[in-house]
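Read the structure below first, then the notes.
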Amino acid sequence: YTTGCGIYNNKRTIILKVNFYPIRYSPENHQLKFGKKIKLIIEYEKHETKQIYFSQNYNMLIIGPDYYYENMIPYIKWKKACNFSCFWVNVSDIYSGKIFANIGRDEPESIKMFIYNAIEQWNITYLLIVGGSSDVPVRYGNINDGEEEEYISDLYYADIYNAKGEFCSWDANQNNLFGEYGNDGVDLYPDIYFGRLACAHSSEVSRVLGKIISYTENNSPAQDWFSNIVVVGGDTFDDDDNLDEGELLNQRIEEIMFDYNPVEIWASNGLLNDTANINNAIEAGASFIDLSGHGSKTSWATHPHKEFDTWIPYGAYRVNDISRLKNKNKLIIAVVNGCSNSNFGIDHCFSWAFLSNPMGGGIASFGYSGISWGYLGRYHQDGLSGGMQIKMFEAFSIEKSKTLGELWVNGLSNYIKDYINRGSALKKDFKLVEEYQIFGDPSLSIVEINSQKPNTPSQIIGPDEGKRKKEYTFTSSTDDPDQHMIRYCFDWGDGKLTWSDWINSGETVSMNHSWEKIGHYDIKVKARDPYGLESNWSEPHMIKINFFKSENLIAKLEHLVAYFPYFREFYKNILGCDES
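Going by this note's numbering, 793 is the number at position 94 of the sequence shown; the sequence numbering is gapless.
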């Protein structure tokens, strides 16, 4: 048996994994023995649970460099409107010990210990890192698979606790080699819902966050196009079974996603020869794309049947091809099976290119930061990279993961449960989990959001008369049935609209406006919740704009009449006013 600490049923808990071997075969005696009944007795020491009082409560910790903070503000405000609280911390403040004492041996450990303290003190359940490897440093895992000695492992920042519920340094033997197989007390289970936005510059931060907000406001999982899935594959390995592993893996994923419409881009149907066919399928709209083949930091490709000197699509599917996608709001989630596709040691690796595309592309991606391994032929789906693809789609379709972070955690946890500690490839299994990378917002909902639109705002309160070029104040209010924060849109009747900042449900909003021309204007207001649902327009409030306000004009005329009596008849007859 093995124990670990991880997330189970959305709760951080101690996990016990017991391996059963109910069937045994004796080759010498040609006997097959099996147990008809198994009795399992679990003995454990019960420790008194310590009562934790959180000094503050936040849903998500966001870590990034200070030069990205201004770009993060609209996103943080929007998340607050969704009743989801975020705490931003600059990496420099972590190193300086401004919030928690810094006792880490190096920068990555300082960051990890900060995350540990944030969980213990603030009860955070989500972690978002913003920036590439030069912005927020990475930890390299150290399992030598014969091809590479180290690889980026963001799992280091998510696997916080060991099997005893204590801080896990990933270096139990203290040799400054991290995540070693069998030596460092690593249980691999993520203890927090994690994601990284590997942005290379501030404008990219704003662009990607804008896509995240739009994806939610458009309720993308509720759209018709979301019911499509693109599957791409060919003949991955030169195996004795003469099977096309990529296509067979695609078919297995189709079975898992049985209620989705598959779009098959395969070597066998000729569609995989041209990258345009991949882009056309994405631009038509789909929830996921499964790419099963081979990769590099900047490209993905595979083989036609038994033609292992030929790579398709011709010229490979590259970062430049992804950057040409124009699918706008039909943003896809890419699940990539190939070596090093998610190695963000460079600014724009293959998997990140889906998110960085300004004209569409993707909303998230999953893949390997280092060299991945796979079984050949009929065994391809029995573990390693093929098994991981299956676990990710099972996490969505069967486990019903609701957010990107849940999808990543459930996929990894189920892989650990089913494949770790059960065969000769254990070392490569271990490495595969450590190098499995997520790009995206871990709190992003990937299922339909059931939210109610705000109630219609009350009729606007404010003056009904005024003069041009002078600002006047108007107020209104409404509430949101789900108690989300809301924004108000004022239509001033002159072709101009003004949006408020986020306001608590039920609170009064106050907005100012002036008009350039005289006339009558109907002012109305509507409300929008953070999921893009809008109320009806309020009843209009009319305002009359003059050169002067009429009561001021009358007062001035009366003043003239008092000093110049001959104006009395003009005042009475022309303006239709009584002398009194």
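All residues carry an ideal CB built from backbone N, CA and C; glycine is no exception. Note that this is a predicted model, so its numbers are computed, not measured.
When you compare each of the options to residue i by their alpha carbons, which one comes out closest?
| i | options | result |
| --- | --- | --- |
| Asn822 | Tyr757, Lys863, Gln1136 | Tyr757 |
| Trp1072 | Val929, Tyr700, Thr935, Gln820 | Thr935 |
| Trp1010 | Gly969, His1047, Asn1245 | Gly969 |
| Thr1172 | His1240, Gly1218, Asn709 | His1240 |
| Ala1033 | Lys1152, Asp1020, Ile988, Asp939 | Ile988 |
| Asp1140 | Asn782, Thr702, Leu826 | Leu826 |
| Ser986 | Val1018, Glu953, Lys1005 | Glu953 |
| Met1349 | Val907, Cys1048, Asn1154 | Nothing can be reported for residue 1349: it is not among the residues displayed for the chain, which extend from 700 to 1279. |
| Tyr815 | Ala899, Asn875, Val1132, Ile793 | Ile793 |
So residue i and residue j are in contact, right, with Cβ under 8 angstroms, and what is the actual spacing, rounded?
| i | j | result |
| --- | --- | --- |
| Asn1036 | Ser1068 | Not really, about 13 angstroms apart at Cβ, beyond 8 angstroms. |
| Gly830 | Gly763 | 5 angstroms |
| Ile851 | Asn1042 | 6 angstroms |
| Gln1158 | Ser1234 | Their Cβ separation, rounded to whole angstroms, is 13 angstroms, which puts Gln1158 and Ser1234 out of contact at 8 angstroms. |
| Ile981 | Ile1045 | About 23 angstroms; that fails the 8 angstroms criterion. |
| Phe911 | Ile1062 | The sequence shown places Ile at residue 911, not Phe. 7 angstroms between Cβ atoms; contact. |
| Trp1201 | Lys776 | 6 angstroms |
In three-state terms, what does DSSP make of residue i?
| i | result |
| --- | --- |
| Ser1213 | coil |
| Met669 | Residue coverage of the chain in this structure runs from 700 to 1279, which leaves residue 669 outside it and unanswerable. |
| Lys1029 | coil |
| Glu1147 | coil |
| Gly932 | strand |
| Leu715 | strand |
| Arg951 | helix |
| Arg895 | strand |
| Trp999 | strand |
| Val1035 | strand |
| Asn1042 | coil |
| Arg1227 | strand |
| Lys732 | strand |
| Val1108 | helix |
| Trp1191 | coil |
| Leu1054 | helix |
| Trp821 | helix |
| Arg1167 | coil |
| Lys1243 | strand |
| Pro1012 | strand |
| Leu1131 | helix |
Use the C-beta contact count for residue i: other C-beta atoms within 10 angstroms, 16 or more gives buried, fewer gives exposed.
| i | result |
| --- | --- |
| Lys1025 | exposed |
| His729 | exposed |
| Val962 | buried |
| Ala1307 | In the structure as shown, the chain begins at 700 and stops at 1279. Residue 1307 is therefore absent and cannot be evaluated. |
| Glu744 | exposed |
| Met759 | buried |
| Gly932 | buried |
| His1219 | exposed |
| Asn949 | buried |
| Gly1082 | buried |
| Ile1097 | exposed |
| Ala921 | exposed |
| Glu1056 | In the sequence under discussion, the amino acid at residue 1056 is Asn, which differs from the Glu named in the question. The residue in question, Asn1056, is buried, as its Cβ has 16 or more Cβ neighbours within 10 Å. |
| Gly1066 | buried |
| Ile1145 | buried |
| Asn696 | Absent from the structure is residue 696, since the part of the chain shown begins at 700 and ends at 1279. |
| Tyr860 | buried |
| Lys710 | exposed |
| Gln1151 | exposed |
Could you tell me whether the segment 1152-1165 touches the segment 1103-1119, where touching means 3 or more Cβ pairs closer than 8 angstroms?
In this structure the segment 1152-1165 does not touch the segment 1103-1119; the number of beta carbon pairs closer than 8 angstroms is below three.
Evaluate contact between the segment 991-1000 and the segment 1033-1048, counting only Cβ atoms and requiring at least three cross-stretch pairs below 8 angstroms.
Contact between the segment 991-1000 and the segment 1033-1048 is present: three or more C-beta pairs spanning the two stretches fall below 8 angstroms.
If we count Cβ pairs, one from each stretch, closer than 8 angstroms, do we get three or more for the segment 793-801 versus the segment 717-731?
Too few Cβ pairs lie closer than 8 angstroms, so no.
On the three-pair Cβ rule with 8 angstroms, is the segment 851-871 touching the segment 804-812?
Touching, yes, given that three or more Cβ pairs across the two stretches are closer than 8 angstroms.
Between the segment 1073-1087 and the segment 942-956, can you find at least three pairs of beta-carbon atoms closer than 8 angstroms?
Taking 8 angstroms as the limit for Cβ pairs, the verdict is that the segment 1073-1087 does touch the segment 942-956.
Is there contact here, the segment 1212-1227 with the segment 1183-1198, by at least three beta-carbon pairs under 8 angstroms?
At 8 angstroms Cβ cutoff, the stretches touch.
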